[in-house]
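Quick note on the working numbering: the sequence shown kicks off at -10 and runs consecutively. Note sheet for the following structure.
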Amino acid sequence: MMLVPYHEEMTREILNPHFSPRALEIVIAANLKQDSWSGLIGHDGFHYDNDLEKGNRYIIEQRGYVIATLMSRGILSAWIAFGRLTHTAQDFYSHTNYISMWLAQYESAPPPPPEVDPVQKNILRSPDLHAGKIYLPLDALYFIPALRKLSLKLLPRDSHGHMNLDSPQQGPNFAYARAAAAKRTLYEFELLQKLLSPEMFARFVDK
Ligand SMILES: [Zn+2]
C-alpha cells in the first residue's frame, strides 16, 4: 500500500494522455480499491507482500484478463483488471528490495530518481530480490503512529515495517520507488499496446 495519494497521482499523470476520461477514472478507482481493508487482508499478491511470486503471478493474471475481455468485445473488466495490475506493479517498488539493489550497483553517487530503470533484468532474476514480510501483529501496530517506533524496535529487518517505501517519511529511497513505479506504469501500458490488435487497443483506450 504505497499511500493512496501516490497511487492516484502517478496513475493519473502517466495514463491521462492515453485514456478517455471515463476509462481513466475506472482504471484509477480499481487501482485504489486494492488498498481498501477488503483488499489488504489475505491478498499478498495485490501488494507484493510476503511473496514475490504471488505478486508476479497476479500481474500476469490481470494482464490476461485485459486481453481476454477485449477479445470477447467487453470493456469494463479490461479497465478494472488494468487498474488492479497497475496497483501491484507500483507496490513492487515500495514492498521489495528492488530499489536498494538498483542503488547498490553504484559505488558513489547514484543517478537521480528519474533515471531509475524499473525492469532491470539481472535484478528481477536475482535470488537476492525479496518482498517485505508481514509479521502480525507487529506490522499492523506499525500503522498506528504512536506505536510505530516500538513496533520497529521489535520487527526484524526483512519485515514490511523496515523495508517499505510507502511515503517520503521512509527517506531518500522513496523518490526512487515513486519514479520507478511511475515508469513501470507506462511500461505496462506500452506492453499491452504491443500485445493488443489495433482494434482492441482503440477500444481499450476508449478514444
Ligand atoms: Zn497496495
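Just so it is clear, CB atoms sit at the ideal spot from N, CA and C, and this is done for glycine as well. Given the structure is predicted, the values throughout are model-derived calculations rather than measurements.
If you draw a straight line from the Cα of Asn39 to the Cα of Ile3, it is about 28 Å long. Your pair His84 and Asn5 does not check out as a contact, with CB atoms roughly 25 Å apart and the cut at 8 Å. The C-beta of Glu177 has 16 or more other C-beta atoms within 10 Å across all chains shown, which makes the residue buried.
For ligand 1, a non-hydrogen atom lies closer than 6 Å to the CB of Asp80.
One thing to note: Ala18 has its Cβ no nearer than 7 Å to the Cβ of Val105.
Look at His36: its beta carbon is less than 6 Å from one of the heavy atoms in ligand 1. For a cut-off of 8 Å, the C-beta gap from Asp128 to Leu143 is around 10 Å, too long to register as a contact.
Remark: the C-beta of Asp128 is outside contact range of ligand 1, defined as less than 6 Å to any heavy atom. When DSSP reads this structure, Lys122 sits in a beta bridge with Ser148. If you draw a straight line from the Cα of Ser186 to the Cα of Ser140, it comes to about 50 Å. Here the C-alpha atom of Lys22 lies approximately 13 Å from the C-alpha atom of Asp80.
Inter-residue distance for Ala93 and Ala191 is about 41 Å (C-alpha atoms, whole angstroms).
When Tyr47, Ile48, Val(-7) are compared, the shortest CA-CA separation from Trp26 is found for Val(-7). Ile56 and His32 have their C-alpha atoms some 23 Å from each other. In the DSSP assignment, no residue is bridged to Thr58. Bridge pairing for Thr75: absent [DSSP]. Inclusion of Ala70 and Leu59 in the CB contact set at 7 Å is not warranted, their separation being larger than that value.
Bounds of the alpha helix (DSSP H) holding Ala171 are 162 to 184. Lys183 and Ser9 do not touch by the CB rule: their CB atoms are close to 21 Å apart, not below 8 Å.
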